[in-house]
Amino acid sequence: MAKGDFTTVVKQKNNNIDKFINNAKVDGDDSFESSNERRGKYMIDKNTGKKVLLGGKVLEVPLNASEFELLKKAAKNSGLPVATYVRSNALLSAKKLLNID
-5 MAKGDFTTVV KQKNNNIDKF INNAKVDGDD SFESSNERRG KYMIDKNTGK
45 KVLLGGKVLE VPLNASEFEL LKKAAKNSGL PVATYVRSNA LLSAKKLLNI
95 D
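Structure representation (structure tokens):
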């Protein structure tokens, strides 16, 4: 069985590698360095360019598809990412329940 010399195989160039990488990010085209938003354990300070370690905990909340779609629509109408929408409304609800200003 002949394996061939692979002369017909041409390496494909991917000129859009940066575009592909940016689109693969969680929030799409917005780059991490252009904002002061939190992205996990640390953020980059725009003024100094240094990593700032962030404290806190990560909480995973299981949702079914209809619950997630409802939250996604509400977040979109609010102009917020889903995680920010959920976090801010959970905090507002907790403060109201505990009578905290």
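Numbering (the working numbering), first residue to last: -5 to 95. Quick reminder that beta carbons are idealized off the backbone N, C-alpha and C, glycines included.
- The beta-bridge partner set that DSSP reports for LEU47 consists of TYR36.
- With respect to the C-alpha of GLU54, the residue from LYS45, ASP39, VAL80 and LEU47 having the closest C-alpha is VAL80.
- The residues LEU47 and LEU48, in chain order, have a CB closer than 7 Å to that of LYS35 in the same chain once the five nearest residues on each side in sequence are set aside.
- Shown here, LEU91 sits in a helix according to DSSP, grouped into three states.
- For LEU65, the CB contacts under 8 Å within the same chain, skipping 5 residues up- and downstream, are LEU57, VAL76, TYR79 and VAL80 in chain order.
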